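Note that this note's numbering gives residue 641 to position 46 of the sequence shown, counting from 1, and the numbers run on in steps of one.
Think of the CB as a built atom: it goes at the ideal place given N, C-alpha and C, for glycine as much as any other residue.
Here the structure is a predicted model, which means the values were calculated and not measured.
Remarks on the structure that follows.
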Amino acid sequence: MTTPRILNGNAIAAQIKAEVAAEVEQLAAQGIRPGLAAVLVGNVPASEIYVRSKVRTSGQLGIYSDLITPPDTVTTEEMLELVAQLNAREDIDGILIQLPLPKQVNAKLLLEAVSPAKDVDGFHPVNVGRLQAGQPALAPCTPAGMIQMLKRSNLPIAGKNAVVIGRSDIVGKPISILLLHENATVTICHSKTRDLGSYTRNADILVAAIGRPGYVTPDLVKPGATILDVGINRITSREEFDKYFAGDKKREETFVLKGSTIVGDVHPEAFKIAGAYTPVPGGVGPLTIAMLMANTVRAAKLRRGLAV
């Protein structure tokens with residue numbers, strides 16, 4: 596067997612960001628600066644790190660960003676008023692509301708209040724419908740990044756059997772639609788699927804997005820398949836570590852130092868029989884922020900009737 600090809604998400608994200616920066620320069624020549632509003636409610640450390648990374652990346656690419664931080668006591672009504680203000684602002688092309696939100700805030704109502712033209716997460720029902728219909732839309736960032744991963748790695752999609760494990764609105768469903776648009780033959784599996792291996796062992800492209808650590812084991816993978824692992828599962832116990840990473844000295848050093856490490860939805864042993872795969876970390880993750888930046892520029896163009 597040949598050595599599996601590692602799909603470097605950091606390198607591809609860097610390519611996309613460079614292209615976005617060039618587009619921002621071109622728009623600047625027309626007096627246009629794309630703007631992104633990031634709304635971070637309360638003090639959730641993981642969310643703070645993630646949102647500040649998005650804001651920092653915006654600045655690096657020349658995109659204007661506005662970080663808005665309501666207190667964790669904010670009400671649904673106050674958040675709806677904030678969204679209405681952002682919808683009306685001409686200097687804002689994209690609105691990002693970081694999840695999760697406090698329990699007292701109706702997240703569904705809030706996300707649907709965002710103008711579809713500024714919905715850079717691609718979650719609004721209008722954008723979901725446009726995506727399914729093959730119309731110009733703002734696609735969810737992680738699935739859009741996965742398609743870029745395949746295309747920029749020169750991995751063919753058309754005519755391939757693609758199996759998606761997971762049916763979330765954020766990843767499973769939209770990646771299935773995007774793969775269909777690229778002429779793959781798509782099967783969606785999930786936690787209630789019977790005899791999962793009968794589907795996955797025929798997959799040329801296998802997407803793991805079910806949120807369960809090491810769920811995809813070697814016996815579920817077709818030799819030579821391309822595996823896209825969306826999972827990010829933190830493990831903290833020695834027992835879990837040994838289950839997935841026994842003998843991995845480099846990973847063990849990090850685990851001992853930090854007291855934790857992350858594993859995807861694919862068992863590391865399964866990667867060994869793949870033809871190509873996205874590692875965790877450093878695979879699909881970096882593309883999410885890159886595609887958020889691309890969506891912000893896309894929204895700026897669509898709002899002004901410019902070609903995308």
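Same chain, Cβ closer than 6 Å to residue i, five either side skipped, listed in chain order
i, result
"Leu706", "Phe718"
"Ser748", "Leu602"
"Lys896", "Val903"
"Pro629", "Ile658, Asp688, Thr891, Val892 and Ala895"
"Arg796", "Lys817"
"Val646", "Ala633, Leu635 and Gln693"
"Asn605", "Gly877 and Pro881"
"Ala779", "Ile752, Lys755 and Ala757"
"Ala708", "Leu675 and Val678"
Reduced DSSP secondary structure (H/G/I, E/B, other) of residue i
i, result
"Thr831", "coil"
"Ala803", "strand"
"Gly724", "helix"
"Asp661", "strand"
"Asn605", "helix"
"Asn701", "coil"
"Asp574", "This structure does not reach residue 574, given that the chain is present from 596 up to 903, and the question cannot be answered."
"Ala573", "The question about residue 573 has no answer here: the residues shown for the chain are numbered 596 through 903."
"Ile595", "Within the shown structure, residues of the chain are numbered from 596 to 903, placing residue 595 beyond reach of any answer."
"Leu774", "helix"
"Gly689", "strand"
"Val634", "strand"
"Ala841", "coil"
"Val650", "helix"
"Ala869", "coil"
"Val811", "strand"
"Ile611", "helix"
"Pro769", "helix"
"Leu696", "coil"
"Val816", "coil"
"Phe718", "coil"
Beta-carbon proximity of residue i to residue j, cut-off 8 Å
i, j, result
"Val650", "Met888", "no"
"Ile627", "Arg807", "no"
"Ala683", "Met886", "no"
"Thr782", "Val758", "yes"
"Asp824", "Asp860", "yes"
"Thr821", "Leu774", "no"
"Gln693", "Ser642", "yes"
"Pro599", "Lys867", "yes"
"Lys755", "Asp799", "yes"
"Thr664", "Gln699", "no"
"Ile772", "Met741", "no"
"Thr597", "Met744", "no"
"Asn638", "Asp667", "yes"
"Pro711", "Asn701", "no"
Beta carbon proximity, residue i to chain E, threshold 8 Å
i, result
"Ser763", "Reference to chain E is not applicable here, since this structure consists of a single protein chain."
Delimiting residues of the beta strand (DSSP E) encompassing residue i
i, result
"Thr782", "Thr780 to Cys784"
"Ile857", "Thr856 to Val858"
"Thr821", "Thr821 to Asp824"
"Ala757", "Asn756 to Ile760"
"Ala683", "Premise fails: Ala683 lies in the alpha helix (DSSP H), Thr671 to Ala683, not in any beta strand (DSSP E)."
Range covered by the alpha helix (DSSP H) that runs through residue i
i, result
"Thr598", "Thr598 -> no alpha helix (DSSP H), and no H or E assigned at all."
"Ala895", "Gly880 to Arg898"
"Ala739", "Cys736 to Arg747"
"Leu852", "Lys844 to Lys853"
"Pro711", "Careful: Pro711 lies outside any alpha helix (DSSP H) and carries neither H nor E."
"Pro751", "Looking at the DSSP string, Pro751 is not in any alpha helix (DSSP H), and its letter there is neither H nor E."
"Phe866", "Pro863 to Phe866"
Spatial neighbours of residue i in its chain, beta-carbon cut-off 7 Å, leaving aside the 5 residues before and after
i, result
"Ala624", "none"
Contacting residues, own chain, Cβ-Cβ under 8 Å from residue i (five flanking each side not counted)
i, result
"Val619", "Arg628, Pro629, Leu656, Gly657, Ile658 and Val892"
"Gln610", "Arg747"
"Ile830", "Pro808, Phe836, Tyr839, Ser855, Thr856, Ile857 and Val858"
"Ile884", "Ala608, Ser648, Lys649, Thr652 and Cys736"
"Ala803", "Ile760, Gly761, Tyr810, Val811, Ile822, Leu823, Asp824, Val825, Gly826, Gly859, Asp860 and Val861"
Inter-stretch contact (C-beta, 8 Å, three-pair minimum) for the region 727 to 738 and the region 748 to 763: No, they do not touch.
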